[in-house]
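Asker:
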Amino acid sequence: MTTESPPKAGSEPASGAANGHAAPEAPDIPGTVARLRRTFATGRTRDIAWRKHQLLQLARLVEENEPAIAAALAEDLDRNAVEAFIADIATTAGEAKYAAKKLRKWTRRKYLLLEAPQLPGRGWVEYEPYGTVLIIGAWNYPIYLTLGPAVGALAAGNAVILKPSEIAPASSRVMAELVPKYLDKDAVAVVEGDGAVTQELIAQGLDRVLFTGGTEIGRKVYEGAAKHLTPVTLELGGKSPVIVAADADVDVAAKRIAWIKILNGGQTCVAPDYVLADASIRDELVEKIGASLTKFRAKENQAGLRIVNQRQFDRLSGYLSEVEAEAKAGAKCKVAAGGKCDASSLRIQPTVVVDPDPQGPLMQNEIFGPILPVITVGSLDEAIDFVNSRPKPLSAYVFTKSKDTRERVIREVSAGGMLVNHLAFQVSTAKLPFGGVGHSGMGAYHGKWGFDEFSHRKSVLTKPTRPDFSAMIYPPYTDRAFKLARKLF
3 MTTESPPKAG SEPASGAANG HAAPEAPDIP GTVARLRRTF ATGRTRDIAW RKHQLLQLAR
63 LVEENEPAIA AALAEDLDRN AVEAFIADIA TTAGEAKYAA KKLRKWTRRK YLLLEAPQLP
123 GRGWVEYEPY GTVLIIGAWN YPIYLTLGPA VGALAAGNAV ILKPSEIAPA SSRVMAELVP
183 KYLDKDAVAV VEGDGAVTQE LIAQGLDRVL FTGGTEIGRK VYEGAAKHLT PVTLELGGKS
243 PVIVAADADV DVAAKRIAWI KILNGGQTCV APDYVLADAS IRDELVEKIG ASLTKFRAKE
303 NQAGLRIVNQ RQFDRLSGYL SEVEAEAKAG AKCKVAAGGK CDASSLRIQP TVVVDPDPQG
363 PLMQNEIFGP ILPVITVGSL DEAIDFVNSR PKPLSAYVFT KSKDTRERVI REVSAGGMLV
423 NHLAFQVSTA KLPFGGVGHS GMGAYHGKWG FDEFSHRKSV LTKPTRPDFS AMIYPPYTDR
483 AFKLARKLF
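Going by this note's numbering, the first residue of the sequence shown is number 3, and it counts up by one from there.
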């Protein structure tokens, strides 16, 4: 996600009050935490049947309330019904159902073959829930990035506190209304509020925290949790690059880059942040991306894409002003498509900027909006060096027909995840882990990896008392015992 900090408390509505809805009451955070801890202490959440039921109820929650969820996403983000279904509803339900199906397999003891000195004996890994965990959601996919991580937390047997983003108040409100109706209200709670509420939750010394958001806020979450030695999973962001090699299918690459770039107004943590295009295909790629953007938006009433709030709009429009200033000063950069901003509606046209200053704000900050820089490179070496000279991104993409090119990029570019010849689909599978590395995050979830992330993997070793083979090396030590120890160890 964007590394820009979210609005401070009081600078923008932290609830739906501005949209005619009553603001949520101040939460009783200590009371909520105490209630969930009491429930966890009873052992209720450890029961496999309980976990499976909660997961299936979570799937029901999003499926049975699709119209209400879609309406909330439209209010918060101007999201259309198709994208609401694909990105927030179907993905959440699918992961919950998959976890319910695989739960008994995941929780089964994993017996391990022990070394000779450990025999006779048996060893295994016992998956143990952490306790009461906190999930801090994000505003850009407010349902999926709040309820999605809850799948792993519930599958692992934890009590769960959900903290939706206040920047998506309608979505926060719908979760606060629906979660108690579908899930065990003594084991799963929604706590609404601003950053101060998040800080108070972290200060409770919970057993694990998962945060999705920007790098700077993620660092503050990490620092707050460290005071209590609370383990943290950080799903952050960064500038996800797209390398388009000279041999790429330019037509398909252009369509896929354009589609994923405008998804959710470009406000997607794994969106293509910038493109590194081989000089031999650069002009064709830019032209076809522009044509795809026009085609994909042909039926829309508005030319621009809605940005979530004034602060983010000002940030993005400021980047375009910088590009205009660069061009007027004689720089080689140019706006090849789009470029218009409407402050009254917080809308920005999908925009392609060719060869902006690599040291300028557009190329130094995560864009998180419908602006796509295309940088010309002379070789694959130059593209790889460019990516590796910057902080490790959450995702990296390459378009190529060459196995050698593909394998080289996979081998030499470090990123949280990688996708070849497409974009963003790595987020929507429960069969692969999703997470960052370095500045783009730590830890991973989805599917079995989400279960693992919210489980303490406890080592267990059992030994028989008879026959007592340890008697051969009990003190006082003899020469014979020493010789035996040398053979065994």
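Quick reminder that beta carbons are idealized off the backbone N, C-alpha and C, glycines included.
Every value quoted in this text rests on a predicted model; they were computed, and no experiment measured them.
Identify which residue in S174, D387, P360 and E368 has its Cα closest to the Cα of I377.
Answerer: Reading the sequence shown from its first residue, position 375 is the one you call residue 377. Minimum Cα distance to I377 is reached at P360.
Asker: According to the neighbour-count rule (16 or more other Cβ atoms, all chains shown, within 10 Å of its Cβ), is I262 buried or exposed?
Answerer: Here residue 262 refers to the residue found at position 260 when the sequence shown is read from its first residue. Looking at its Cβ environment, which holds 16 or more other Cβ atoms inside 10 Å, I262 is buried.
Asker: Give the DSSP bridge partners of G353, in chain order.
Answerer: If you number the sequence shown from 1, residue 353 lands on position 351. As written in the sequence, residue 353 is Thr, which differs from the Gly given in the question. DSSP output for T353 lists I373 as bridge partner(s).
Asker: Go through its chain and collect everything with a Cβ distance to H424's Cβ below 6 Å, but skip five positions before and after it.
Answerer: In the sequence shown, counting from the first residue as 1, residue 424 sits at position 422. Closer than 6 Å at the Cβ level, and outside the excluded window around H424, lie R258.
Asker: Mind reading off the beta-carbon distance from R308 to D80? Whole number of angstroms is fine, and I expect it under 8 Å.
Answerer: Taking the sequence shown and counting its residues from 1, the one referred to as residue 308 is at position 306. Taking the sequence shown and counting its residues from 1, the one referred to as residue 80 is at position 78. Between D80 and R308 the Cβ distance is about 4 Å, and since that is below 8 Å, they are a contact.
Asker: Can you list, in chain order, the residues of its chain whose CB lies under 6 Å from that of L374, leaving out five sequence neighbours each side?
Answerer: Residue numbering aside, residue 374 sits at position 372 when the sequence shown is read from its first letter. The answer, listed in chain order, is K263 and V354.
Asker: Could you check the C-alpha separation between S174 and G341 for me, to the nearest Å?
Answerer: If you number the sequence shown from 1, residue 174 lands on position 172. If you number the sequence shown from 1, residue 341 lands on position 339. Computed Cα separation, rounded: 32 Å.
Asker: Leaving aside the five residues before and after P29 along the sequence, list all residues of the same chain whose C-beta is less than 8 Å from its C-beta, in chain order.
Answerer: On the sequence shown, residue 29 is found 27 positions in, with the first residue counted as 1. Closer than 8 Å at Cβ, skipping near neighbours: V193, E194, G195 and V199.
Asker: From what residue to what residue does the beta strand (DSSP E) around R210 run?
Answerer: Within the sequence shown, the letter at position 208 stands for residue 210. Per DSSP, R210 belongs to the beta strand (DSSP E) from R210 to T214.
Asker: According to DSSP, L114 sits in a beta bridge with which residue or residues?
Answerer: On the sequence shown, residue 114 is found 112 positions in, with the first residue counted as 1. Per DSSP, G125.
Asker: Could you tell me which residues DSSP puts in a beta bridge with Y399?
Answerer: In the sequence shown, residue 399 corresponds to position 397, counting from 1. The partner list for Y399 (beta bridge, DSSP) reads V244 and L421.
Asker: Just list the alpha helix (DSSP H) runs in the region 248 to 310, keeping only unbroken ones of 4 residues or longer that don't cross its boundaries, in chain order.
Answerer: The qualifying runs are 252 to 264 and 284 to 298.
Asker: Measure the CB-CB distance between Y129 and G449 and report whether it falls below 8 Å.
Answerer: Sequence index remark: in the sequence shown, residue 129 carries index 127 (1-based). Sequence index remark: in the sequence shown, residue 449 carries index 447 (1-based). No, the pair does not count as a contact, with Cβ atoms beyond the cut-off.
Asker: Taking the straight line between their C-alpha atoms, what separation do you get for A16 and E27?
Answerer: Stepping through the sequence shown from its first residue, residue 16 is reached at position 14. Stepping through the sequence shown from its first residue, residue 27 is reached at position 25. Low per-residue confidence applies at A16: pLDDT is 36, beneath 50, and the placement is therefore not dependable enough to give any value.
Asker: Locate the beta strand (DSSP E) running through S319, then write down its first and last residues.
Answerer: Indexing the sequence shown from 1 puts residue 319 at position 317. Careful: S319 lies outside any beta strand (DSSP E), inside the alpha helix (DSSP H) at Q312 to K330.
Asker: For the region 455 to 471 and the region 201 to 208, state whether three or more C-beta atom pairs, one from each stretch, are separated by less than 8 Å.
Answerer: They do not touch, by the three-pair rule.
Asker: Would you kindly work out how many angstroms separate the C-alpha atoms of D186 and Y146, rounded to a whole number?
Answerer: If you number the sequence shown from 1, residue 186 lands on position 184. If you number the sequence shown from 1, residue 146 lands on position 144. Distance between the alpha carbons of D186 and Y146 is about 19 Å.
Asker: Consult DSSP for D383 and reduce its assignment to one of helix, strand or coil.
Answerer: On the sequence shown, residue 383 is found 381 positions in, with the first residue counted as 1. Of the three classes helix, strand and coil, the one that applies to D383 here is helix, per DSSP.
Asker: Going by DSSP, what residues sit across from H441 in a beta bridge?
Answerer: As a working note, residue 441 is residue 439 in the sequence shown. BP columns for H441 are empty, so no partner.
Asker: Can you list, in chain order, the residues of its chain whose CB lies under 6 Å from that of L63, leaving out five sequence neighbours each side?
Answerer: Taking the sequence shown and counting its residues from 1, one reaches residue 63 at position 61. The answer, listed in chain order, is L180 and Y184.
Asker: So, is G443 buried or exposed, given that buried needs 16 or more other C-beta atoms within 10 angstroms?
Answerer: Within the sequence shown, residue 443 is the residue found at index 441, counting from 1. With 16 or more Cβ atoms within 10 Å of its Cβ, G443 is classed as buried.
Asker: Classify D316 as buried or exposed, calling it buried when 16 or more other Cβ atoms lie within 10 Å of its own Cβ.
Answerer: Position 314 of the sequence shown holds residue 316. Under this definition D316 is an exposed residue.
Asker: Going along the chain, which residues of its own chain have a beta-carbon closer than 6 Å to the beta-carbon of T148, five neighbours each way excluded?
Answerer: Taking the first residue of the sequence shown as 1, we reach residue 148 at position 146. Excluding residues within five positions, the ones whose Cβ falls inside 6 Å are G139, L164 and P166.
Asker: Does the region 381 to 396 come within contact of the region 274 to 281, defined as at least 3 CB pairs closer than 8 Å?
Answerer: With a cut-off of 8 Å, the region 274 to 281 and the region 381 to 396 count as touching, because enough Cβ pairs lie within range.
Asker: In the DSSP output, what is P131 paired with across the bridge?
Answerer: Position 129 of the sequence shown, counted from the start, is the residue given in the question as residue 131. S457, per the DSSP bridge assignment.
Asker: Distance check for V127 and D253, CA to CA, integer angstroms please.
Answerer: On the sequence shown, position 251 is the one that residue 253 refers to. On the sequence shown, position 125 is the one that residue 127 refers to. So the alpha carbons of these two residues sit roughly 49 Å apart.
Asker: Evaluate contact between the region 383 to 397 and the region 236 to 247, counting only Cβ atoms and requiring at least three cross-stretch pairs below 8 Å.
Answerer: With a cut-off of 8 Å, the region 236 to 247 and the region 383 to 397 count as touching, because enough Cβ pairs lie within range.
Asker: Provide the residue span of the alpha helix (DSSP H) that contains V192, from first to last.
Answerer: What you label residue 192 is simply residue 190 of the sequence shown in a count that begins at 1. Element bounds for V192: not the alpha helix (DSSP H) but the beta strand (DSSP E), V190 to V192.
Asker: Got a sec, what are the start and stop residues for the beta strand (DSSP E) V337 sits in?
Answerer: Walking along the sequence shown from the start, residue 337 turns up at place 335. Counting along the chain, the beta strand (DSSP E) containing V337 begins and ends at K336 to A339.
Asker: Does the Cβ of K290 have 16 or more other Cβ atoms within 10 Å, making it buried, or fewer, making it exposed?
Answerer: In the sequence shown, the residue the question calls residue 290 occupies position 288. Buried is the call here.
Asker: Can you tell me whether R53 is buried or exposed? The criterion is at least 16 other CB atoms within 10 Å of its CB, across all chains shown.
Answerer: Position 51 of the sequence shown holds residue 53. When all chains shown are included, R53 counts as buried.
Asker: Since V234 and A426 are thought to touch, with beta carbons under 8 Å apart, how far apart are those beta carbons, to the nearest angstrom?
Answerer: Looking up residue 234 in the sequence shown gives position 232. Looking up residue 426 in the sequence shown gives position 424. Their Cβ separation, rounded to whole angstroms, is 25 Å, which puts V234 and A426 out of contact at 8 Å.
Asker: Do L287 and A260 have their beta-carbon atoms positioned less than 8 Å apart in this structure?
Answerer: Within the sequence shown, residue 260 is the residue found at index 258, counting from 1. Within the sequence shown, residue 287 is the residue found at index 285, counting from 1. Not a contact, by the Cβ cut-off of 8 Å.
Asker: What's the C-alpha gap between R413 and V389?
Answerer: Stepping through the sequence shown from its first residue, residue 413 is reached at position 411. Stepping through the sequence shown from its first residue, residue 389 is reached at position 387. The straight-line gap from Cα to Cα measures roughly 13 Å.
Asker: Any idea if Y479 is buried or exposed, counting beta-carbon neighbours within 10 angstroms, 16 or more meaning buried?
Answerer: Counting from 1 along the sequence shown, the entry for residue 479 is found at position 477. Exposed, by the Cβ-count rule.
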